[in-house]
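Data block below; observations after.
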Amino acid sequence: MDIAVGTSLDRVVILAYFALVMGFGAYFGKYSKNTTDYFFGGRRFAWWLITISIVATGVGSHSFVKYSTKAYQYGLSSTMTYMNDWFFMPLFMFGWLPIIYYTKVKSIPEYFERRFNRTARYLATMMTLLYMIGYIAIQFLTLATALYRIYGIPLMLTVVLIAIATTIYMHFGGQTSVIFTDLLQGFILIFAGMLLFFLGIQYLGDHTAFSGLKAFWMNLSPEQKLPLAHFNDPPDFNFVGIFWQDGIAGSIGFLFLNQGLIMRFMAAKSVNEGRKAAAFNTLLILPISAIVVSNAGWIGRAIFNAVPGVLPDGLAANDVFVAVTNIVSSPGVFGFIIAALCAALMSTADTLVNASSAIIVNDIYRPMSKKEKTEKQQLDFARWTSVGVKVIAVILVPFFNSFDSIYEAHGWFHSTFTPPLVVGVFLGIFWKRFTSQAVIATFIGGAFLMILGQFNPELISPFSHGIELRPDRGYSYIGALYNIVVCAGVGVIVALFTKPNSEKNLEGLTVFDVHKLKAIFKGSAVNEEKGEDVIVNWVMDNTDENVMRFSTSDMNRMKANPGDLVYIQDGRWWLGGLKSAHSVYGAPHDEDGVVYINSTHLDHGQFVDGLELKAEKEM
Amino acid sequence: MDFARTWLPFLYLYGVGGIAFILGMILILKSKALRTTYDRHKKWVFVLLYGFLFYAGIHALFIYLAIGSQ
Numbered sequence: 000m001d002i003a004v005g006t007s008l009d010r011v012v013i014l015a016y017f018a019l020v021m022g023f024g025a026y027f028g029k030y031s032k033n034t035t036d037y038f039f040g041g042r043r044f045a046w047w048l049i050t051i052s053i054v055a056t057g058v059g060s061h062s063f064v065k066y067s068t069k070a071y072q073y074g075l076s077s078t079m080t081y082m083n084d085w086f087f088m089p090l091f092m093f094g095w096l097p098i099i100y101y102t103k104v105k106s107i108p109e110y111f112e113r114r115f116n117r118t119a120r121y122l123a124t125m126m127t128l129l130y131m132i133g134y135i136a137i138q139f140l141t142l143a144t145a146l147y148r149i150y151g152i153p154l155m156l157t158v159v160l161i162a163i164a165t166t167i168y169m170h171f172g173g174q175t176s177v178i179f180t181d182l183l184q185g186f187i188l189i190f191a192g193m194l195l196f197f198l199g200i201q202y203l204g205d206h207t208a209f210s211g212l213k214a215f216w217m218n219l220s221p222e223q224k225l226p227l228a229h230f231n232d233p234p235d236f237n238f239v240g241i242f243w244q245d246g247i248a249g250s251i252g253f254l255f256l257n258q259g260l261i262m263r264f265m266a267a268k269s270v271n272e273g274r275k276a277a278a279f280n281t282l283l284i285l286p287i288s289a290i291v292v293s294n295a296g297w298i299g300r301a302i303f304n305a306v307p308g309v310l311p312d313g314l315a316a317n318d319v320f321v322a323v324t325n326i327v328s329s330p331g332v333f334g335f336i337i338a339a340l341c342a343a344l345m346s347t348a349d350t351l352v353n354a355s356s357a358i359i360v361n362d363i364y365r366p367m368s369k370k371e372k373t374e375k376q377q378l379d380f381a382r383w384t385s386v387g388v389k390v391i392a393v394i395l396v397p398f399f400n401s402f403d404s405i406y407e408a409h410g411w412f413h414s415t416f417t418p419p420l421v422v423g424v425f426l427g428i429f430w431k432r433f434t435s436q437a438v439i440a441t442f443i444g445g446a447f448l449m450i451l452g453q454f455n456p457e458l459i460s461p462f463s464h465g466i467e468l469r470p471d472r473g474y475s476y477i478g479a480l481y482n483i484v485v486c487a488g489v490g491v492i493v494a495l496f497t498k499p500n501s502e503k504n505l506e507g508l509t510v511f512d513v514h515k516l517k518a519i520f521k522g523s524a525v526n527e528e529k530g531e532d533v534i535v536n537w538v539m540d541n542t543d544e545n546v547m548r549f550s551t552s553d554m555n556r557m558k559a560n561p562g563d564l565v566y567i568q569d570g571r572w573w574l575g576g577l578k579s580a581h582s583v584y585g586a587p588h589d590e591d592g593v594v595y596i597n598s599t600h601l602d603h604g605q606f607v608d609g610l611e612l613k614a615e616k617e618m
Numbered sequence: 000m001d002f003a004r005t006w007l008p009f010l011y012l013y014g015v016g017g018i019a020f021i022l023g024m025i026l027i028l029k030s031k032a033l034r035t036t037y038d039r040h041k042k043w044v045f046v047l048l049y050g051f052l053f054y055a056g057i058h059a060l061f062i063y064l065a066i067g068s069q
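Just so you know, the protein sequences line up as chains A and B, in that order.
Numbers 0 to 618, taken from numbering that gives the first Met the number 0, label the letters of the first sequence in order.
Numbers 0 to 69, taken from numbering that gives the first Met the number 0, label the letters of the second sequence in order.
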């Protein structure tokens with residue numbers, strides 16, 4: 000079947016979208032003053048801002064095509080992978096999140112050095128970078144595959160143009176630009192996906208005996224209405240394999256190892272805001288995202304069942320997204336929905352590029368630099384690193400283009416690089432006895448056994464749960480269970496035969512010390528007394544000391560003492576903490592409703608003269 | 000639709016996933032990472048349990064509706 004390539008109006012809409020995002024992202028460059036701002040956004044944002052920006056990160060450009068395909072083939076069970084992330088939320092919210100936030104680790108590999116040793120850090124750095132840069136290349140390839148058909152530009156040139164477009168706003172803005180462009184793109188993604196669903200239901204209503212949602216529901220078969228796939232059949236889409244590959248390995252990988260996601264949570268103004276973002280995202284946004292990325296396939300299947308001849312019998316499943324969008328939308332709207340595909344790519348790619356850049360600076364550049372680098376040198380290096388990461392990703396695109404499909408390339412990545420890291424970080428956080436030698440054995444020995452399993456599928460058979468072994472393709476998803484078992488097995492055995500690290504070296508790095516982390520972070524006893532927020536006017540104080548001074552009365556209302564930590568932000572809630580700063584309470588004064596801040600706070604918070612600020616005690 | 004197509008995946012998902020969830024809850028409670036004596040932590044216990052039941056409820060509802068539509 001011919002794929003619709005859009006009209007001139009569609010091409011204008013897509014170009015306008017790119018211009019809008021580049022301008023929007025570049026504007027926020029002024030909020031990146033140092034590497035902490037560049038990578039982590041200065042630890043200042045509200046939970047809702049983090050939540051929406053996570054949507055755009057989680058939904059990649061491949062998601063629309065991939066999930067529409069499965070939705071068209073199997074119905075509502077395409078949502079499985081979006082609806083199985085809650086099981087590890089207790090350990091994430093109250094284990095991993097406070098550890099990374101309060102210990103101020105700047106990257107996952109840095110955690111490996113602190114928890115284990117430098118060798119573990121370098122191994123983790125290598126595996127994480129390979130994974131992320133490859134993932135970026137896949138994102139570039141996916142979108143370029145769609146866009147080069149629309150514009151008629153050669154594939155590799157399209158890849159380069161996309162890479163340049165994302166560079167323009169990221170180069171100057173870093174994490175703050177990423178968060179705000181992802182906020183915009185998150186809304187566009189959800190709106191475009193739901194618009195497609197609405198148009199599809201309208202189309203079904205116009206062409207069948209039913210109307211509204213009933214037209215959609217009544218035109219799916221009972222099997223297509225089930226939310227979970229068949230337990231172990233067929234081999235390329237079964238429940239149990241996908242549960243282990245995505246629900247277990249994927250969920251741990253996403254929550255505990257995705258540097259981009261971790262950096263997003265570290266941009267939250269507090270751990271509690273991070274928890275709110277995680278809960279809201281998983282309970283509300285993920286189910287909506289599942290509808291957004293899958294509905295083209297469901298609508299396509301309902302159209303196929305109810306209106307014969309509109310979609311051909313031989314329609315390639317991968318073409319469903321474009322075919323259905325073309326049928327239910329008009330010129331201009333098609334361009335807008337393809338622009339949403341661009342939103343998905345750019346937002347996922349920018350997060351991964353920023354995360355890769357953070358790892359290169361934190362885990363290679365800083366540890367290997369003989370002389371201490373200034374913030375400006377590090378920031379410049381970080382900016383050029385993000386360009387370098389994209390260049391490497393572009394160079395890798397032809398390699399991934401040589402796979403049979405993008406999904407195969409994507410699946411190969413997931414199954415090859417995540418299990419050793421998943422086991423290493425998980426046992427590191429939740430098992431004190433897990434040693435440095437054990438994590439290195441997990442990386443090396445586990446990887447060896449995984450490769451052995453790939454070439455000898457009979458090793459995976461005991462874990463297969465009755466899934467059929469395809470002679471020339473082996474097991475697909477259930478291989479994740481084998482990979483986890485061998486990596487964990489090697490790690491546990493070596494841990495039991497090696498000497499554990501001392502308690503002192505583990506302080507603050509396992510779940511068992513989470514209750515001490517606030518005090519470690521603050522450097523003194525934590526003030527847990529609950530106070531109220533106060534509204535104040537700011538006045539410049541000619542001091543270099545990192546303190547903010549409030550009146551005695553305002554400090555009493557906040558239940559704060561000198562030395563406690565304070566967070567202050569522009570009074571306009573909808574800025575979500577963009578204009579904000581952290582500091583320490585200094586000695587009080589007598590002017591109620593006034594806070595004295597210094598030039599660093601002003602520079603960081605970009606506060607507006609004459610506008611009130613809201614202050615709250617952090618701890 | 001046989002059992003392997005309807006309720007078996009559901010039981011496996013919330014059985015094995017439920018074990019991971021319960022072990023996680025026990026671990027954060029035992030390690031005092033989550034303290035039920037703190038007011039602001041209490042609400043999180045409810046949120047965490049609600050999330051588990053929310054997803055189990057959605058999946059069970061759709062399986063029930065799909066079976067009913069045969």
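A virtual CB, placed ideally from N, CA and C, is assigned to each residue, including glycine.
Computed from a predicted model, the values in this text were never measured in an experiment.
Can you give me the start and stop residues for the alpha helix (DSSP H) that A/M345 sits inside? 332 to 359
The ligand NAD heavy atom lying under 8 Å from the CB of A/W297: Among the ligands in the structure shown, none appear at all, so the ligand NAD cannot be discussed.
Would you please verify whether the beta carbon of A/D1 is less than 9 Å from any beta carbon of chain B? Confidence is the limiting factor: at A/D1 the pLDDT is only 47, short of 50, which leaves the residue's position unreliable and the question unanswerable from this model.
A/L254: buried (16+ other C-beta within 10 angstroms of its C-beta) or exposed? buried
Listing by chain order, which chain A residues have their CB less than 9 Å from the CB of B/T35? The premise fails here: B/T35 is roughly 12 Å from chain A at the closest Cβ pair, so nothing lies under 9 Å.
Within-9 Å CB hit, B/G50 to chain A: yes
Count the CB pairs spanning the region 111 to 131 of chain A and the region 373 to 381 of chain A that are closer than 8 Å, and state whether there are at least three. no
Nearest to A/N400 by CA position, among A/D9, A/N304, A/I137, A/G22, is which residue? A/I137
For B/I63, count neighbouring C-beta atoms within 10 Å of its own C-beta (all shown protein chains included) and say buried if the count is 16 or more, exposed if not. It is worth fixing the name first, because residue 63 of chain B is Tyr in this sequence and not Ile. When all chains shown are included, B/Y63 counts as exposed.
Give me the DSSP bridge partner(s) of A/D569. Bridge partners of A/D569: A/L612.
To test your reading of the DSSP string, which unbroken alpha helix (DSSP H) runs of 4 or more residues are found completely within the region 473 to 518 of chain A? Correct list: 478 to 495.
Determine which residues of the region 81 to 106 of chain A have a Cβ less than 8 Å from any Cβ of chain B, and write them out in chain order. M82, N83, W85, F86, F87, M88, P89, L90, M92, F93, G94, P97
How about A/T50 and A/N257: do their beta carbons lie closer than 9 Å? no
Rounding to the nearest angstrom, what Cα-Cα distance links A/G199 and A/V424 in this structure? Inter-residue distance for A/G199 and A/V424 is about 43 Å (C-alpha atoms, whole angstroms).
Terminal residues of the alpha helix (DSSP H) in which A/M217 lies: 211 to 217
With a Cβ-Cβ cutoff of 9 Å, do A/L203 and A/I337 count as a contact? no
Cβ closer than 7 Å: which chain A residues qualify as neighbours of B/F53? L282
Below-9 Å beta-carbon distance, B/K41 vs any chain A residue: Nearest CB-CB separation between B/K41 and chain A: not below the 9 Å threshold.
Using beta-carbon positions only, say whether A/D379 and A/G24 come within less than 9 Å of one another. no
Verify whether the separation of the beta carbon atoms of A/P419 and A/T441 is less than 9 Å. A/P419 is a Cβ neighbour of A/T441, given a cutoff of 9 Å.
If contacts are defined as beta-carbon pairs under 8 Å, then B/L12 and A/V510 qualify, I think. What distance do you get, rounded to the angstrom? With a Cβ gap of about 25 Å, B/L12 and A/V510 do not count as contacting.
Three or more C-beta pairs below 8 Å linking the region 480 to 487 of chain A and the region 3 to 17 of chain B: With the cut-off at 8 Å, the region 480 to 487 of chain A and the region 3 to 17 of chain B do not touch.
Own chain residues within Cβ distance below 6 Å of A/G604, not counting five before or after: K578, S579, A580
In this structure, does DSSP put A/A580 in helix, strand or coil? strand
Taking 8 Å as the threshold, find out whether the region 286 to 301 of chain A comes into contact with the region 84 to 92 of chain A through three or more Cβ pairs. no
Which one or two residues does DSSP pair with A/A267 in a beta bridge? A/F44
Give the DSSP-derived three-state secondary structure of A/M0 in the structure shown. With a pLDDT of 44 at A/M0, under the threshold of 50, the predicted position of this residue should be treated as unreliable, and no value is reported.
If you run the structure through DSSP and keep just helix, strand and coil, what is A/R114? Three-state result, A/R114: helix.
When you check each C-beta in the region 8 to 29 of chain B against every C-beta of chain A, which residues fall closer than 7 Å? P8, F9, Y11, L12, G16, A19, F20, G23, M24, L26, I27
On the CB-based measure, 16 or more other CB atoms within 10 Å of its CB, does A/S210 come out buried or exposed? exposed
Beta-carbon of A/K224 versus every beta-carbon of chain B: anything under 9 Å? yes
Contact residues within the region 270 to 281 of chain A, judged by C-beta distance below 8 Å to chain B: Residues passing the 8 Å Cβ filter: N271, R274, A278, T281.
Going along chain B in order, which residues have a C-beta closer than 8 Å to the C-beta of A/F623? Since the first residue of chain A shown is 0 and the last is 618, residue 623 of chain A is not available in this structure.
Taking DSSP's pairing of strands, which residues face A/R548 in a bridge? A/Y595
Beta-carbon contacts of A/E371 that lie in its chain and below 7 Å, excluding the five residues immediately before and after: none
Once DSSP output is grouped into helix, strand and coil, what is the label at A/I459? coil
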